[in-house]
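Student:
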Amino acid sequence: MPQGQPSVVPDDGLTTRQRRNRPLVVVHTGIGKGKSTAAFGLALRAWNQGWPIGVFQFVKSAKWKVGEENALRVLGASDEGGAVDWHKMGEGWSWVQRDSQMDNEEKAREGWEQVKRDLAAETYRLYVLDEFAYPMHWGWVDVDEVVSVLRDRPGTQHVVITGRNAPEKLVELADLVTDMSKVKHPMDAGQKGQRGIEW
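Take 1 as the starting number for the sequence shown in UniProt numbering and just add one per residue.
#1: At 4 residues or longer, and completely inside the segment 85 to 151: list those alpha helix (DSSP H) runs for me, N to C.
#2: In the DSSP assignment, the beta strand (DSSP E) including Thr-156 goes from what residue to what residue?
#3: Are there 16 or more other CB atoms within 10 angstroms of the CB of Gly-76, so buried, or fewer, so exposed?
#4: Look at the alpha carbon of Ala-46 and the alpha carbon of Val-59, and state the distance between them as a whole number of angstroms.
#5: Taking the C-alpha atoms as reference points, what is the distance between residue 207 and Ser-78?
#6: Taking the Cβ atom as the reference point for each residue, do Tyr-127 and Val-115 lie within a distance shorter than 9 Å?
#7: In whole angstroms, what separates the C-alpha of Leu-150 from that of Val-143?
#8: Below 6 Å CB to CB, which residues in the same chain sit around Lys-169 once its five sequence neighbours on both sides are set aside?
#9: Pick from Asp-130, Asp-175 and Asn-70: whose alpha carbon is nearest that of Arg-22?
#10: Which residue from Val-9, Lys-33 and Glu-80 puts its Cα closest to that of Pro-52?
#11: By alpha-carbon positions, which one of Glu-110, Arg-153 and His-28 ends up nearest to His-87?
#12: If you count every other CB in all the chains shown that lies within 10 Å of the CB of Gln-57, and 16 or more means buried, which is it?
#13: Within a Cβ cutoff of 6 Å, which residues of the same chain sit near Thr-156, ignoring the five residues on either side of it in sequence?
#14: Given a threshold of 16 other Cβ atoms within 10 Å of its Cβ, counted over all protein chains shown, does His-185 qualify as buried or as exposed?
#15: Quick one: Cα of Arg-32 to Cα of Asp-179, how far?
#16: Look up Thr-162 in the DSSP assignment and say whether it is helix, strand or coil.
#17: For the beta strand (DSSP E) that contains Thr-178, what are its first and last residues?
#18: How about Val-160 and Leu-129: are their beta carbons less than 9 Å apart?
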């Protein structure tokens with residue numbers, strides 16, 4: 001276990017153990033590749049700890065086969081780590097608004113309502129809200145409500161949100177924010193996505 005020392009010790013009345021085990025809101029944003037990949041990496045760690053995991057995949061097509069989905073479903077059913085539930089909410093690509101926008105908006109709102117119910121019931125220990133920054137950025141889901149629900153969630157539930165253009169209010173609430181910037185990408189040289197790298 002890393003033994004790094006925090007640069008600041010807050011005067012919050014919590015013990016070191018209480019502060020260490022505080023549930024986190026994590027945001028992976030920015031235009032670079034790897035936001036969802038990093039979130040699924042956290043899900044692997046959570047699975048290893050035996051935590052129940054809920055993945056809520058917003059906006060990306062329900063037909064899109066993500067490599068992490070198959071892997072986490074197999075692991076979740078293995079009886080060795082935590083259980084994994086995978087929910088697909090969207091019908092269109094996250095970086096392109098398509099003609100079926102109204103359907104996507106409705107599915108995104110339905111997905112958020114399910115997340116709220118699960119948070120209230122403390123269904124999972126880790127929530128991966130994949131591409132959830134987009135419905136907030138596009139105004140499909142109210143940012144103030146999201147911030148309020150996440151701030152007041154009960155228990156020890158960690159929430160990871162991915163997607164470009166994470167709203168500033170969400171960034172302010174979050175405990176850990178990573179902005180993934182692009183330095184180079186094969187698509188810049190005309191190369192399309194490939195198996196094992198993009199999916």
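Ideal Cβ placement from N, Cα and C applies to all residues, glycine included.
What you are looking at is a predicted structure, and each value in this text was computed from that prediction instead of being measured.
Tutor: This is what the structure holds:
#1: 101 to 121, 133 to 137 and 143 to 151
#2: Numbered from its first residue, the sequence shown carries residue 156 at position 156. It is not in any beta strand (DSSP E) - Thr-156 carries neither H nor E in the DSSP assignment.
#3: For the purposes of this step, residue 76 is identified with residue 76 of the sequence shown, where counting begins at 1. Buried is the call here.
#4: Taking the sequence shown and counting its residues from 1, the one referred to as residue 46 is at position 46. Taking the sequence shown and counting its residues from 1, the one referred to as residue 59 is at position 59. Approximately 24 Å between the Cα atoms of the pair.
#5: Not covered by the structure: residue 207. The range shown for the chain is 1 to 199.
#6: Counted from its first residue, the sequence shown places residue 127 at position 127. Counted from its first residue, the sequence shown places residue 115 at position 115. A contact, by the Cβ cut-off of 9 Å.
#7: The residue given as residue 150 occupies position 150 in the sequence shown. The residue given as residue 143 occupies position 143 in the sequence shown. About 11 Å.
#8: By 1-based counting over the sequence shown, the position of residue 169 is 169. Val-143 and Val-147.
#9: Your numbering for residue 22 matches position 22 in the sequence shown. Nearest option by C-alpha distance: Asp-175.
#10: Here residue 52 is taken as the residue at index 52 of the sequence shown, counted from 1. Taking only the C-alpha atoms, the option nearest Pro-52 is Glu-80.
#11: In the sequence shown, residue 87 corresponds to position 87, counting from 1. Out of Glu-110, Arg-153 and His-28, Glu-110 has the C-alpha closest to the C-alpha of His-87.
#12: Taking the sequence shown and counting its residues from 1, the one referred to as residue 57 is at position 57. Answer is buried; the Cβ neighbour count reaches 16.
#13: The residue you call residue 156 lines up with position 156 of the sequence shown. Cβ neighbours of Thr-156 beyond the five flanking positions: Pro-23.
#14: Here residue 185 refers to the residue found at position 185 when the sequence shown is read from its first residue. Exposed, since its Cβ has fewer than 16 Cβ neighbours within 10 Å.
#15: To locate residue 32, count along the sequence shown from 1; it is residue 32. To locate residue 179, count along the sequence shown from 1; it is residue 179. Here residue 32 turns out to be Gly, not Arg, going by the sequence shown. Each residue's alpha carbon lies about 8 Å from the other.
#16: The residue you call residue 162 lines up with position 162 of the sequence shown. If DSSP states are grouped into helix, strand and coil, Thr-162 belongs with the strands.
#17: Counted from its first residue, the sequence shown places residue 178 at position 178. Counting along the chain, the beta strand (DSSP E) containing Thr-178 begins and ends at 176 to 179.
#18: Translated into the one-based positions of the sequence shown, residue 160 becomes position 160. Translated into the one-based positions of the sequence shown, residue 129 becomes position 129. Contact: yes.
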